[in-house]
Every structure is written in structure tokens, then in C-alpha cells.
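S.K.:
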Amino acid sequence: MNSKVSFRTLNRTKLVDDVVAQLQKKISGGELKEGDKIPTEPELMEQFGVGRSTIREAVRVLVHAGLLEKKQGFGTYLKRTAVIQEPLDSRLRRAEIMEVYEVRQMMELEIARLAAGRRDEDDLAAIKEHLDTRNLALANGDIKTYIEADIQFHIAVAVASKNAVVIDLYKTFSVFIRETLATIFANPEGHNPQTEAHIQLYESIRDGNAEAAVTSASRYLKGTLEELFGETN
């Protein structure tokens, strides 16, 4: 461990962001090097002047960003990879996208299940309309319309759940999904829109098959995660 690394005490409100920023600075400045063990939680708590939960959240962000790795029983280390190959800001952005998809998975699987049992004819018509618009826009290379139709498709599925709280949450959350889709299409080569899985989701909801709806939702979410991060879990 590099015992000479020290940090200033924080006094701002966004503590997690500040801890992440300081650790990021030590990494980019070379004070923490590949393979170095970072200070323990109690040491970081003392040096930053923050609580354990703040330190754990900051470390988790950097682990998701691919900068740190936890070794069970040994501590947390700066990964032995070429950390300069990808800008740190890009790595942190990928960590944010991962968090969006963790929440999205929790929401959409339950939404699919509820929608299959509660949808009515108006719901089905709305879902199908947005699905058709999505697929046509994709075929025409109209990315802006595609993204908006994809968002509206999933909102229509949420509306079919007949749960007002879920609907409001998903509409709010759709802002982050839109940003994620924009990130994907910044480099569209090799993008898999998971069209078949979306069609199967609609058909499962239409048929009232909750199990199949959850399976379809899980399929397109997993496919997108694999595309973004190479993850299969």
C-alpha cells in the first residue's frame, strides 16, 4: 500500500462525488499506481472526514468504472490494467450507465409481469403503435424517432401495469434511459436493437403470459448490457 498518499478533509455536500474526484486525481496523478492497495475504509474515513457509507459508495463507483478491484480478505486495489487507455471520465460515465441498468432491470421485470395481467385493449393498441414506429424508424435509420419511440413503448408498458406510482417513477426514469440510448448511438456500429425481444414482450403481454413477458424483458436488458459492457450476468 502507498502509505504516503494523503487527502484533504471535505466540507462540501456532495461527499461521494468529492471522494471519487480525489481518488481519481490521485490515480491520474500517479500517486496511486497499478496494483497499489488503497487505504482501508477506516483510514479513508479518517482522512476524508466522512462516514463509512460514503467511502463504500465512492469505492463502489470506482469498482464499477473498472479502476479498482476488491480482493476478498485482502482489500481494494488499483487494477493492474492500462488505466490510461480510457479517460477516467469515460469510465465513470460507464459506471453511471451500469447503475441505470441495474435500476431499469429491477423496474422493468416487475412492470412486464404486472402489464401481462392488467393490460386492456387501449394499452395493447398503444404498445403496438409505439413498437411499429420504433421498428420503422430503425429500418429507415431515423435514430431520433427510434429513441423516442423506444421510450414511449416502454412507458406504454408501464402504463399497462395500472400502478400509478410505477408509472410516475418510470416516466421520470425514462430521462436516464434516453441518455443511455444516446450514448449507444454515439457509436452505432454493431448495435443490436433487440427487436425480436421487444416483439415477444408485446406478444406476451397481449397473451396475458406474465412469465413469458418477464423472460422477454430480461432478454433485451441482458442483450443491452452485453453490448455496453460485455456482461452476461
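Its first residue numbered 1365, the sequence shown is counted upward by one per residue in the numbering used here.
Ideal Cβ positions, reconstructed from N, Cα and C, are used throughout, including at glycine.
CB Arg1583 to CB Ala1561, shorter than 9 Å?
M.R.: yes
S.K.: Have a look at Val1447 and Arg1420 and give me their C-alpha separation to the nearest angstrom.
M.R.: With a pLDDT of 47 at Val1447, under the threshold of 50, the predicted position of this residue should be treated as unreliable, though the coordinate-derived value follows. One C-alpha to the other measures close to 21 Å.
S.K.: Since Leu1442 sits in a beta bridge, which residues does DSSP pair it with?
M.R.: Leu1432
S.K.: Checking 9 Å against the spacing of the C-beta atoms, do Ile1402 and Val1423 come in under that value?
M.R.: In this structure, Val1423 lies closer than 9 Å to Ile1402 by Cβ.
S.K.: Determine the contact status of Glu1567 and Ala1576, defining contact as a CB-CB distance below 9 Å.
M.R.: yes
S.K.: Please report the straight-line C-alpha distance between Glu1460 and Asn1556, rounded to a whole angstrom.
M.R.: Glu1460 and Asn1556 have their C-alpha atoms roughly 21 Å apart.
S.K.: Out of Arg1416, Asp1400, Gly1399, Met1462, which one is the CA nearest neighbour of Val1383?
M.R.: Arg1416
S.K.: By alpha-carbon positions, which one of Leu1585, Asp1506, Ser1525 ends up nearest to Thr1544?
M.R.: Nearest of Leu1585, Asp1506, Ser1525 to Thr1544, Cα basis: Leu1585.
S.K.: How should Leu1500 be labelled, buried or exposed, when 16 other C-beta atoms within 10 angstroms of its C-beta is the threshold for buried?
M.R.: Leu1500 should be labelled exposed.
S.K.: According to DSSP, is Lys1492 part of a helix, a strand, or is it coil?
M.R.: helix
S.K.: Might you give, ordered along the chain, the residues of its own chain that have their beta carbon closer than 6 Å to the beta carbon of Gly1481, omitting 5 neighbours on each side?
M.R.: Ala1574
S.K.: Applying the 10 Å Cβ sphere with the 16-neighbour rule, what's the burial state of Phe1412?
M.R.: buried
S.K.: Counting pairs of beta carbons, one from the segment 1515-1526 and one from the segment 1472-1489, are three or more of them closer than 8 Å?
M.R.: yes
S.K.: With DSSP run on the structure shown, which of helix, strand or coil describes Lys1401?
M.R.: strand
S.K.: Quick one: what does DSSP say Ser1392 is sitting in, helix, strand or coil?
M.R.: helix
S.K.: Take the Cβ of Ala1479 as the centre, count every other Cβ of all protein chains shown within 10 Å, and call the residue buried at 16 or more, exposed below.
M.R.: buried
S.K.: Do the segment 1491-1505 and the segment 1434-1446 make contact, defined as three or more Cβ pairs closer than 8 Å?
M.R.: Taking 8 Å as the limit for Cβ pairs, the verdict is that the segment 1434-1446 does not touch the segment 1491-1505.
S.K.: By a C-beta neighbour count over all protein chains shown, 10 Å radius and 16 as the cutoff for buried, is Val1425 buried or exposed?
M.R.: buried
S.K.: With 16 other CB atoms within 10 Å as the buried threshold, where does Val1578 fall?
M.R.: Under a 10 Å Cβ-count criterion, Val1578 is classified as buried, with 16 or more other Cβ atoms of the shown protein chains found around its own Cβ.
S.K.: Which of the three DSSP states, helix, strand or coil, is assigned to Val1320?
M.R.: What the structure shows of the chain is the stretch from 1365 to 1597, and residue 1320 is not part of that stretch, so it cannot be assessed.
S.K.: Locate the alpha helix (DSSP H) running through Ser1568, then write down its first and last residues.
M.R.: Start and end: 1559-1571.
S.K.: Counting along the chain, where does the alpha helix (DSSP H) carrying Val1521 start and finish?
M.R.: 1507-1524
S.K.: Using 8 Å for Cβ pairs, my map puts Tyr1465 next to Leu1589. What's the rounded Cβ distance?
M.R.: 6 Å
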